[in-house]
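Residue numbers (the working numbering), protein chains in the order written: chain A, 3 to 345; chain B, 3 to 345; chain C, 3 to 345; chain D, 3 to 345.
4 protein chains.
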Amino acid sequence: MSDTALPLVISAPEPRTLELIFTPPKLARLKAHYRIVETTPDGVARLPPELLAEARYIVGQPPISPRTLEAMKTLRCVFNVESNLLDNMPYETLFARGIHVVTTGLVFAEPVAELGLAMALNLARGIVDADLAFRKGEELWGGDGNQTARLLSGADVGIIGFGDLGRALNRLLSGFRTHTKVFDPWLPPSILRENGVEPATLDEVLSSSDFVFVVASVTSENQGFLGADAFGRMRKGAAFILLSRAGVVDFPALMAAVRSGHILAASDVFPEEPLAGDHPVRALPGFLRSAHRAGALDIAFKRMGDMVLEDMDLIDRGLPPLRSKRAERETVSRMRSKPSDRN
Amino acid sequence: MSDTALPLVISAPEPRTLELIFTPPKLARLKAHYRIVETTPDGVARLPPELLAEARYIVGQPPISPRTLEAMKTLRCVFNVESNLLDNMPYETLFARGIHVVTTGLVFAEPVAELGLAMALNLARGIVDADLAFRKGEELWGGDGNQTARLLSGADVGIIGFGDLGRALNRLLSGFRTHTKVFDPWLPPSILRENGVEPATLDEVLSSSDFVFVVASVTSENQGFLGADAFGRMRKGAAFILLSRAGVVDFPALMAAVRSGHILAASDVFPEEPLAGDHPVRALPGFLRSAHRAGALDIAFKRMGDMVLEDMDLIDRGLPPLRSKRAERETVSRMRSKPSDRN
Amino acid sequence: MSDTALPLVISAPEPRTLELIFTPPKLARLKAHYRIVETTPDGVARLPPELLAEARYIVGQPPISPRTLEAMKTLRCVFNVESNLLDNMPYETLFARGIHVVTTGLVFAEPVAELGLAMALNLARGIVDADLAFRKGEELWGGDGNQTARLLSGADVGIIGFGDLGRALNRLLSGFRTHTKVFDPWLPPSILRENGVEPATLDEVLSSSDFVFVVASVTSENQGFLGADAFGRMRKGAAFILLSRAGVVDFPALMAAVRSGHILAASDVFPEEPLAGDHPVRALPGFLRSAHRAGALDIAFKRMGDMVLEDMDLIDRGLPPLRSKRAERETVSRMRSKPSDRN
Amino acid sequence: MSDTALPLVISAPEPRTLELIFTPPKLARLKAHYRIVETTPDGVARLPPELLAEARYIVGQPPISPRTLEAMKTLRCVFNVESNLLDNMPYETLFARGIHVVTTGLVFAEPVAELGLAMALNLARGIVDADLAFRKGEELWGGDGNQTARLLSGADVGIIGFGDLGRALNRLLSGFRTHTKVFDPWLPPSILRENGVEPATLDEVLSSSDFVFVVASVTSENQGFLGADAFGRMRKGAAFILLSRAGVVDFPALMAAVRSGHILAASDVFPEEPLAGDHPVRALPGFLRSAHRAGALDIAFKRMGDMVLEDMDLIDRGLPPLRSKRAERETVSRMRSKPSDRN
């Protein structure tokens with residue numbers, strides 16, 4: 003096939019790069035099957051009309067004006083590899099024309115779930131403080147060091163949000179024989195039951211769990227929906243693990259609940275990132291901290307490229323994409339997670 | 003039933019107590035179904051002959067001389083609730099008479115496996131050091147903090163020893179889709195395959211795993227069998243998690259392998275316990291420490307009592323015990339784990 | 003809420019009825035939450051414009067002309083409860099307007115998979131003929147009756163098509179520890195791997211399986227794609243189980259392969275239904291017959307109603323339907339399974 | 003190693019043969035590692051004393067008198083490859099001397115469980131009668147043919163007996179998401195719970211199950227324990243599947259319960275085998291018959307040899323056998339299943 007006969011891909015994956023999201027062999031494969039036009043997000047609008055007209059795919063989420071979109075006569079799919087959806091393109095027109103907008107955030111589900119499980123086990127067994135005590139020669143041996151230790155196996159677990167991440171977490175929990183309740187108002191209860199978890203109200207999840215995992219995205223409706231009242235309803239000594247976005251919790255209330263000794267907490271996300279050097283959470287006992295490191299593993303980024311290639315292959319054959327997650331007309335405008343500007 | 007008609011139990015569970023191993027309702031049930039004679043381990047030999055003659059069960063592992071055993075005409079089972087087998091009773095005679103000697107160490111499998119998994123995830127994600135850096139305001143955000151991070155999901159895992167603990171660990175790993183190799187020369191390979199793991203030589207386990215879990219008991223044959231050569235064969239950057247007994251490893255060689263940066267390690271057991279205040283492992287980077295806390299949870303001790311009651315019920319009905327683990331003629335003399343003198 | 007404020011549903015579910023697909027309590031719930039206008043498929047076009055303008059949902063797949071569709075200003079979803087998609091409405095316009103077209107065929111996956119598994123085990127163990135021989139006093143006892151018997155446990159299994167039905171079948175197989183290869187060109191290989199099966203070519207599936215299950219829908223491209231050549235590539239003595247549509251196989255070639263003794267077969271579907279009384283498959287040894295009974299269980303029909311209610315609830319709250327399966331622009335025109343005119 | 007230095011095995015495996023239970027490579031391996039003395043069961047007692055003195059293993063269950071046993075100074079294990087235990091050797095002396103008596107009946111668990119599951123699905127879907135009707139041109143299409151059809155998925159299942167066979171069956175059921183109750187008075191309830199089933203009384207199992215599987219061995223206590231009363235307590239239309247031994251049921255009462263239309267039944271075992279040509283069960287509608295074919299597959303017999311080799315290897319290394327099942331002092335005399343005289 004002559005090079006000009008290859009389908010055209012516009013690449014503007016900021017803050018990612020093609021090298022970040024494709025392994026060398028996969029990048030070679032991408033280049034063997036497609037003509038790649040690399041540009042910046044802002045550069046897309048300035049591409050020559052004949053290139054726009056030929057573009058089958060966009061990798062990235064550059065701003066697209068209605069006029070630019072109109073020029074893209076053969077566009078079939080926008081691969082948003084950042085994974086949060088910005089309000090910077092005419093989604094309604096895209097959907098009406100049958101152009102898919104997909105995200106590859108699934109790649110983060112497994113690493114985030116692993117960190118979340120690790121955090122839960124850390125809180126249950128006091129691993130960080132036990133190691134610090136050991137360093138100082140102040141460790142307590144055997145049962146003496148286990149006064150507050152508890153098991154995850156057989157525990158009551160609550161999960162708030164049951165998207166890719168909630169499901170990955172539920173899979174990791176499968177060997178623990180937990181009783182797991184899930185609150186997710188965007189899903190029909192029967193789908194939760196099929197996944198072996200019990201549909202529940204938010205209140206049930208909070209008040210009847212030993213471990214509560216928050217994996218819900220921020221939407222226009224749920225900002226700060228977990229506050230002092232929510233933490234107060236939790237079981238004494240329960241563990242609260244925040245994995246998605248700080249925006250869903252009232253962070254000072256969370257810290258107060260931990261400070262009072264009512265609950266333990268762990269979080270990978272914070273109200274501001276990076277966080278002020280003197281933020282009180284840095285010194286809060288009973289709180290395990292992680293600096294938004296849950297998902298950003300190289301192996302996760304590389305899986306993005308795998309997903310993109312698999313879905314391009316399907317679309318090239320006249321099929322719908324199935325590997326990435328499609329943005330939905332109904333919900334695209336509700337998502338409010340701030341995209342990250344780093345990898 | 004008049005009290006004297008109840009079967010007689012000699013209780014000498016040191017270092018446990020009946021209150022430690024039975025919940026209040028279960029202790030009430032024990033007392034409702036049996037006459038309990040409480041004594042010290044050394045006191046057993048001094049009990050009146052008519053009591054010895056009536057004893058159906060012993061809870062504990064007191065020293066028993068051949069003569070004392072001869073006096074115990076109706077003994078059916080010794081419930082060793084410490085879980086390591088001392089060489090302080092005539093096992094051959096016990097076995098010849100068909101008296102069971104059982105241990106309840108199964109109760110520790112789940113809590114130890116949970117801590118082991120937690121340790122593996124901690125090493126994989128550097129959780130302790132990340133939290134410490136965060137406390138000091140030196141945390142690295144996002145991918146910057148993940149330079150050495152790796153996933154357990156999909157990893158090559160090696161397990162050395164596949165008794166109750168190895169199986170519990172394998173169960174916890176079931177959601178992680180690992181490729182798991184097991185070395186256990188005491189088990190037929192087909193039983194390993196039925197458990198979904200691949201039978202392997204020690205060398206294969208060491209040289210082809212990202213995570214190596216050591217859960218083998220110390221025997222007369224395997225003391226210190228993991229030394230410098232073993233650690234040298236491990237993959238660069240692999241994690242070594244020691245959960246059973248320090249006696250199976252050459253501890254200085256393990257520390258050297260960590261110090262050199264070749265592997266990471268975590269251990270719940272140490273050559274001496276408690277450990278000298280100036281032991282170099284206390285300050286060793288890349289080594290996660292836990293002070294023999296893996297199993298000693300109250301919930302585990304309480305399950306011992308549950309096991310004892312279930313097996314007494316079976317034996318009372320003329321059936322063999324199935325809940326506890328029976329000591330075996332062939333292996334009882336090989337076991338070399340030092341019993342603990344604390345709970 | 004006054005009755006006229008309730009959302010409007012047009013019901014034309016032929017060949018189903020509301021009573022078939024809703025349990026009495028669910029039908030009551032439907033009627034409590036919606037105004038139901040019951041009509042025939044052809045009657046939809048004749049409904050008063052003001053009713054059409056208010057209709058939020060259609061239950062059924064009546065013919066819809068562009069003009070009728072234009073009158074339906076607030077239509078949000080067409081619930082096709084027959085499950086095959088007729089080319090009788092302007093799908094492009096529906097998709098462009100963001101109106102969902104969904105099918106409820108998922109309800110048949112579990113009953114069809116159960117029958118398929120039963121058929122496989124029947125072929126493997128010769129159950130029908132053994133029972134007939136027993137009736138006649140000609141049974142063979144023990145191993146004498148097992149000359150051709152084989153196990154499904156541990157066998158090589160091939161599945162052609164991995165939609166709802168293939169997945170249900172794979173789930174039922176989970177206790178059998180089979181090695182399962184799947185051919186499905188509409189799915190990315192990584193999704194197959196995540197389901198624990200191995201992506202394979204059609205030829206690999208045919209030539210390296212002891213049991214081949216065909217659960218692919220008929221499309222414009224795969225009619226009769228399994229013919230003499232395909233059956234010839236199968237292992238001697240392997241079992242071929244046809245569950246989806248007769249249209250995907252060359253039926254005479256299938257019968258010839260069975261007649262020659264090369265393979266065994268079972269089928270729930272036939273080239274004509276009902277089948278001619280003298281069709282040779284009726285008397286063909288090595289062929290197990292079922293008269294399109296695999297899915298049509300009352301419990302399956304009732305689950306349709308459950309699905310419809312769950313998705314209406316999501317859509318009413320401004321969310322996309324997740325329980326039923328959405329028709330896709332790319333594939334709607336490729337589907338060629340003839341809708342059934344009976345339940 | 004010179005041939006005379008090889009450990010000695012006495013082989014008297016009737017009704018099996020070494021060729022039946024070992025594949026050719028495994029038989030070669032047996033012969034390479036052991037000296038084999040082949041004899042008949044009755045011939046064992048007549049072997050020269052020096053051979054008896056050297057015998058480490060017996061394969062088979064020949065009659066052994068106390069005197070013969072005394073001559074066998076180095077006997078370590080009797081491998082009973084028939085799998086039922088005859089009262090033809092001094093078990094107490096064997097146990098007192100620490101000689102293992104093991105059975106290899108585990109090999110039948112998987113094939114019997116598969117046939118049992120197949121029978122349950124056959125009864126649930128009327129597969130035999132539907133095929134017969136189809137042969138005659140009298141089949142009913144679609145839902146018309148499913149008036150009494152039911153699903154196993156999600157059903158209430160009862161299992162009576164939870165040895166190897168009950169566990170194999172439970173594993174096969176794992177994809178069906180059943181609610182499974184088990185009655186087994188020889189097992190502690192916690193072991194049942196660990197296997198994901200609910201411990202229950204016999205009455206609960208009978209009265210609250212859609213499918214009842216009987217996999218209990220006959221003992222001196224349970225002969226005929228399932229009679230008219232038991233069948234009367236079953237749910238109307240439930241299925242009764244008998245897989246172990248006819249001795250546990252009152253067979254005429256079972257037939258009466260089926261004849262009355264109260265339950266459906268399937269059985270692989272019969273009061274006499276072979277069965278009289280005019281036995282009424284041959285013509286009983288609602289009863290599915292199999293002539294003791296459930297376990298006797300060649301692949302099962304060959305696995306016996308694998309088990310024997312694995313356990314010989316363990317014992318040779320001074321370890322206890324783990325692959326085969328050990329006879330127990332407490333229960334050996336209670337077992338009453340008549341050994342079969344055929345394979």
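In this text, a Cβ means the ideal position worked out from N, Cα and C, and glycines have one as well.
Given the structure is predicted, the values throughout are model-derived calculations rather than measurements.
C-beta contact flag for residue i and residue j at 8 Å
| i | j | result |
| --- | --- | --- |
| leucine 20 of chain D | glutamate 56 of chain D | no |
| serine 2 of chain C | arginine 247 of chain C | Any answer about residue 2 of chain C is impossible in this case: the structure gives chain C only from 3 up to 345. |
| valine 67 of chain A | alanine 98 of chain A | The amino acid at residue 67 of chain A is misidentified as valine; the sequence shows serine. Result no, Cβ atoms of serine 67 of chain A and alanine 98 of chain A do not sit closer than 8 Å. |
| phenylalanine 303 of chain C | leucine 22 of chain C | yes |
| glutamate 116 of chain C | serine 192 of chain A | no |
| glycine 177 of chain C | leucine 125 of chain D | no |
| valine 61 of chain B | valine 310 of chain B | yes |
| glycine 229 of chain B | aspartate 205 of chain B | no |
| methionine 337 of chain D | leucine 87 of chain D | yes |
| proline 322 of chain A | glutamate 52 of chain C | no |
| asparagine 90 of chain D | proline 113 of chain D | no |
| phenylalanine 227 of chain D | leucine 256 of chain D | no |
Integer-rounded CB distance, given that residue j should sit under 8 Å from residue i
| i | j | result |
| --- | --- | --- |
| arginine 165 of chain B | valine 184 of chain B | First, the amino acid is wrong: residue 165 of chain B is glycine here, not arginine. So it is not a contact: roughly 11 Å between Cβ atoms. |
| methionine 314 of chain C | tyrosine 59 of chain C | 6 Å |
| serine 211 of chain A | arginine 237 of chain A | 7 Å |
Contacting residues, own chain, Cβ-Cβ under 6 Å from residue i (five flanking each side not counted)
| i | result |
| --- | --- |
| proline 50 of chain B | none |
| serine 347 of chain D | In the structure displayed, chain D extends from 3 to 345; residue 347 of chain D sits before or after that span and is not available. |
| arginine 291 of chain A | none |
Segment limits, beta strand (DSSP E) that includes residue i
| i | result |
| --- | --- |
| histidine 181 of chain B | 181–185 |
| glycine 62 of chain A | 57–62 |
| leucine 266 of chain B | 266–269 |
| alanine 98 of chain A | No beta strand (DSSP E) holds alanine 98 of chain A; the alpha helix (DSSP H) holding it covers 93–98. |
Segment limits, alpha helix (DSSP H) that includes residue i
| i | result |
| --- | --- |
| glycine 307 of chain C | 300–318 |
| asparagine 224 of chain D | Asparagine 224 of chain D -> no alpha helix (DSSP H), and no H or E assigned at all. |
| valine 130 of chain D | 129–137 |
| serine 192 of chain C | 191–196 |
| aspartate 231 of chain A | 230–235 |
| alanine 259 of chain A | 253–261 |
Cβ shell of residue i (< 7 Å), same chain only, five flanking positions each side left out
| i | result |
| --- | --- |
| leucine 123 of chain C | Leu154 |
| asparagine 348 of chain D | This structure does not reach residue 348 of chain D, given that chain D is present from 3 up to 345, and the question cannot be answered. |
| lysine 75 of chain B | Ala55 |
| methionine 3 of chain C | With a pLDDT of only 45 at methionine 3 of chain C, under 50, the local geometry of the prediction cannot be trusted, and the value read off the model is given with reservation. Within the same chain, methionine 3 of chain C has no close Cβ partners at all. |
Sequence-distant residues of its chain with Cβ nearer than 8 Å to residue i (five each side left out)
| i | result |
| --- | --- |
| arginine 37 of chain B | Asp5, Thr6, Leu8, Pro9, Leu10 and Val11 |
Using 8 Å as the cut-off, can you tell me whether the segment 63–83 of chain B makes contact with the segment 314–327 of chain B, which would need three or more C-beta pairs spanning the two stretches below that distance? yes
Would you call the segment 258–277 of chain A and the segment 105–116 of chain B touching, i.e. three or more CB-CB distances under 8 Å? no
When you compare the segment 201–216 of chain A with the segment 155–163 of chain A, are there three or more beta-carbon pairs, one atom per stretch, that lie closer than 8 Å? yes
Three or more C-beta pairs under 8 Å: does that hold for the segment 241–255 of chain A against the segment 185–195 of chain A? no
Check whether the segment 176–183 of chain D touches the segment 125–134 of chain D, taking contact to mean three or more Cβ pairs, one atom from each stretch, closer than 8 Å. no
Count Cβ pairs between the segment 285–304 of chain A and the segment 142–159 of chain B that sit closer than 8 Å; are there 3 or more? yes
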